[in-house]
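Residue numbers (the UniProt record's numbering): 1 to 710. See structure below.
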Amino acid sequence: MEISSKENSQFFSNDTILPVDRSSFKSESSASKEKQSCCGGIKIFLGALSFVYFAKALSGSYLKSTITQIERRFDIPSSLVGVIDGSFEIGNLLIIILVSYFGAKLHRPRIIGAGCLIMSAGTFLIAMPHFFMGRYQYEKFPSTINSTVSISPCLQDKSQTPLSALEKSQAKINTGCEKEPGSSMWIYVLLGNLLRGIGETPIQPLGITYIDDYAIEENAALYIGCVQTVAIIGPIFGFLLGSLCAKLYVDTGFVDLDSITITHKDVQWVGAWWLGYLVAGVISILAGIPFWFLPRHLPKPESRKDSSTSSEQSKFITEDSKDQPKSYQHQVKIAEMAKFLPSLKNLFGNPVYVLYLCASIVQFNSLIGMVTYKPKYIEQQYGQTSSKTNFVIGLINIPAVAFGMFSGGLIMKKFRINILGAAKLSLGSSFFGYLLLLSLFAMGCENSDVAGLTVSYHGTKSTTDYEQALFSECNSGCTCSKNDWDPICGENGVTYISACLAGCQASNGTGKNTVFFNCSCVGTLESPSQSSSAVVGPCQKGNECPKMFLYFLVISVITSYTLSVGGTPGYILLLRCIKPHLKSFALGIYTLAIRVLAGIPAPVYFGVAIDTTCLKWGSKRCGGRGACRLYNSSALRYVYLGLTLVLGTVSIFFSVAVLWVLWKRSSPQDETLSANGERGTCGTESRKDNFVNSDHLIQTTYWPEKETRL
1 MEISSKENSQ FFSNDTILPV DRSSFKSESS ASKEKQSCCG GIKIFLGALS
51 FVYFAKALSG SYLKSTITQI ERRFDIPSSL VGVIDGSFEI GNLLIIILVS
101 YFGAKLHRPR IIGAGCLIMS AGTFLIAMPH FFMGRYQYEK FPSTINSTVS
151 ISPCLQDKSQ TPLSALEKSQ AKINTGCEKE PGSSMWIYVL LGNLLRGIGE
201 TPIQPLGITY IDDYAIEENA ALYIGCVQTV AIIGPIFGFL LGSLCAKLYV
251 DTGFVDLDSI TITHKDVQWV GAWWLGYLVA GVISILAGIP FWFLPRHLPK
301 PESRKDSSTS SEQSKFITED SKDQPKSYQH QVKIAEMAKF LPSLKNLFGN
351 PVYVLYLCAS IVQFNSLIGM VTYKPKYIEQ QYGQTSSKTN FVIGLINIPA
401 VAFGMFSGGL IMKKFRINIL GAAKLSLGSS FFGYLLLLSL FAMGCENSDV
451 AGLTVSYHGT KSTTDYEQAL FSECNSGCTC SKNDWDPICG ENGVTYISAC
501 LAGCQASNGT GKNTVFFNCS CVGTLESPSQ SSSAVVGPCQ KGNECPKMFL
551 YFLVISVITS YTLSVGGTPG YILLLRCIKP HLKSFALGIY TLAIRVLAGI
601 PAPVYFGVAI DTTCLKWGSK RCGGRGACRL YNSSALRYVY LGLTLVLGTV
651 SIFFSVAVLW VLWKRSSPQD ETLSANGERG TCGTESRKDN FVNSDHLIQT
701 TYWPEKETRL
């Protein structure tokens, strides 16, 4: 020890101090300048990427808010709207592999900028049909257009207009209108959403890896957490924008609003759905501009200059191939490609991964279907307007989801929960969330009283075929069409499909102020000998419905929070139960499976199921079935909530199986096997400390489409 101390003292002599200090001073000053430039560049990229995440989340959530508007404007069923909604995932899947592989080898910021331009082009394309398909024409009776003279909605003299002549003229109209380009304009909405999916593809993989490559290692998790937090704010503004646009009439600025006979509370009302897409498109363009001026590479921090991998990655990634010749490296690459099938077999040979993947696929089917048609369910079940529905979802539900996801990660870190505890927390979150959802069956509204559909003209519940029940003795003297939908509200509180079917003999007023008199069917229910009046528009739902809607909101918020709490623990469970060198591959398979098996089919079959509850379909101006005008409230509630709960229950069974497998592996016999790596890496106690310190994994949790998971 004395010899070594003498040698050290001789080494640090006065003759050598000055040159060492000068060089170190120079290196320290250059390092500080480089650190400042590095931090400045990465922070600019962080700000730009956060804005892009905000833009893509806003446009995606705005699409969800306009589902019912698009359905009514293009007169299409819910199942077709589901196909349009799923086209985003299809576009994303078309190039995800190419972008993930080749994008990392090219100029990543500019590829993200190009993706923003494509995304904005798709958003503009969605809005384009509004400017080419003419003005919106809803079903209305001529007396409500422009006349203060009393006009009879009920044609008393059938001989003046024979039924056969009406049918022939209708057939001629139908034949001519089939070739009208506006009848298939929804295809442009589908293509636009497809382009949105293509443009959104490079943002997540290239943006996150760019931050991870050039940020200081201890700051990378914080930066990515900031990006994900901003992504939660986007849907809030998206739904609020949808609420604002839904209040404006679809042709606002193009027609005289005083001539519009319907209000935003009417089933036929279509808001200015296109306006929000123009706003979202402009935001996407602005978000992409900074990326065209960012460099391809940033100076790496001092801590990362000596190695191309982080300290965490260096534990399981070897770099011996650097010193090998190129021919040897080429052989290694071929050998790695040949390991694809064995890696796939190894991955799917892990029972925990397979069971959790199945649970996630089924659960995301449940959640995606529920979220996609939640605005429609609120509108039809509780009689709320599109504007109020979007406002409630954006201001109440989405913050609950964000708070739930944050709470899940905080709980795991605070209580140092191990892998088995994460599985229990994820399972408990799903169980109590779907249990709360079960209570919503009791919080529905009864069907509105609609003569000939939900009640007969004599006041009893309708049991016969609705098309035949639309006609009664009270309107037998009128020549009415069963395909019309121009509802009026009788003073007896019953809605009638049209003034003609209500047997109204006269009308007075214009537009929204039109009043119908001497309606023979309106007086049938309470006093058959006395004819009554009616006003334009359907009657409001029962007095209990506003109270039920309030209960629904409270339970919905609690359910959203409860289900979201299990998101982070479940994702950590996924990461901890696979071998380190298979993490990227496992996450890629996981994301691909969620998009293909949940993101695409769920909106379609949910829409098909909802269409089965329709009581009255609208009629296209050119003939054929249009959008649904009236749903059976009870049947809609059972189908919508029932399908969600059935899928959720199946996912819980898979989660129980995951917990059972983990519990079996946590026994002393299996812990030794797990330590040797023969049966996977799902040991519980051995990974507790590693998990607690993995803030990076908690903050960078990627839950597919978590921004809109309500």
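Glycine is no exception: its CB is placed at the ideal position from the N, C-alpha and C atoms.
Item, Value
"Residue from Leu367, Thr510, Ser560 with nearest C-alpha to Leu395", "Ser560"
"C-beta atoms of Leu440 and Ile555 nearer than 7 Å", "yes"
"C-beta atoms of Ser633 and Leu427 nearer than 7 Å", "no"
"Proximity test, Ile558 beta-carbon vs the ligand HEM heavy atom, cut-off 6 Å", "The ligand HEM is absent from the structure shown, which contains no ligands of any kind."
"Rounded C-alpha distance that separates Tyr638 from Ile67", "21 Å"
"Secondary structure of Asn447, DSSP reduced to three states", "coil"
"Cα-Cα separation between Gly537 and Thr514, rounded to whole angstroms", "10 Å"
"Span of the beta strand (DSSP E), counted from its first residue to its last, around Trp617", "614-619"
"Beta-bridge pairing of Arg625 - partner residues as DSSP gives them", "Ser619"
"Met405 vs Gly281 beta-carbon contact at 7 Å", "no"
"Secondary structure of Tyr496, DSSP reduced to three states", "strand"
"8 Å Cβ shell around Thr613 - same chain, five flanking residues per side excluded", "Tyr631, Asn632, Ala635, Leu636, Val639"
"Through-space distance from Ala422 to Asn92, alpha-carbon basis", "30 Å"
"Neighbourhood of Gln283 by C-beta distance below 7 Å, restricted to the same chain and skipping five residues each side", "The amino acid at residue 283 is misidentified as Gln; the sequence shows Ile. Closer than 7 Å at Cβ, skipping near neighbours: Ala55, Leu58."
"Val99 classed as buried or exposed, judged by whether at least 16 other C-beta atoms fall within 10 angstroms", "buried"
"Sequence-distant residues of the same chain with beta carbon closer than 8 Å to Thr495, five excluded per side", "Ser448, Asp449, Val450, Ala451, Pro487, Ile488, Cys489, Pro538, Cys539"
"Integer-rounded CB distance, given that Ile600 should sit under 8 Å from Glu200", "The pair is not a contact, with the Cβ atoms about 15 Å apart (cut-off 8 Å)."
"DSSP bridge partner residues for Phe516 (one or two, in chain order)", "Ser507, Ala534"
"Residue from Asp85, Ala48, Arg196 with nearest C-alpha to Leu286", "Ala48"
"Residue from Gln363, Ala246, Tyr356 with nearest C-alpha to Lys388", "Ala246"
"Where the alpha helix (DSSP H) through Gly642 begins and ends", "633-665"
"Residue range of the unbroken beta strand (DSSP E) whose run includes Gly433", "Looking at the DSSP string, Gly433 is not in any beta strand (DSSP E); the run it does join, the alpha helix (DSSP H), is 419-438."
"Where Leu437 falls, given that 16 or more other Cβ within 10 Å makes a residue buried", "buried"
"Start and end residues, alpha helix (DSSP H) containing Cys358", "351-372"
"Bounding residues of the beta strand (DSSP E) (the contiguous stretch that carries Gly490)", "488-490"
"Residue environment, Val646, which counts as buried when at least 16 other CB atoms sit within 10 Å", "exposed"
"Separation of Ser343 from Ala104, as counted between CA atoms", "22 Å"
"Classification of Trp274 by the beta-carbon crowding that lies within 10 angstroms, buried from 16 upward", "buried"
"Range covered by the alpha helix (DSSP H) that runs through Met185", "Run containing Met185: none; DSSP gives neither H nor E here."
"Cβ-Cβ distance between residue 767 and Ser498 below 7 Å", "Since the first and last residues shown for the chain are 1 and 710, residue 767 lies out of range."
"Cβ pair count under 8 Å reaching 3, the region 586-593 against the region 411-422", "no"
"Bridge partners - Thr389, DSSP secondary structure assignment", "BP columns for Thr389 are empty, so no partner."
"Bridge partners - Leu630, DSSP secondary structure assignment", "Lys616"
"Distance CB(Asn390)-CB(Gly276) smaller than 7 Å", "no"
"For Thr252, the three-state DSSP class (helix, strand or coil)", "strand"
"Identified DSSP bridge partners for Gly271", "Tyr249"
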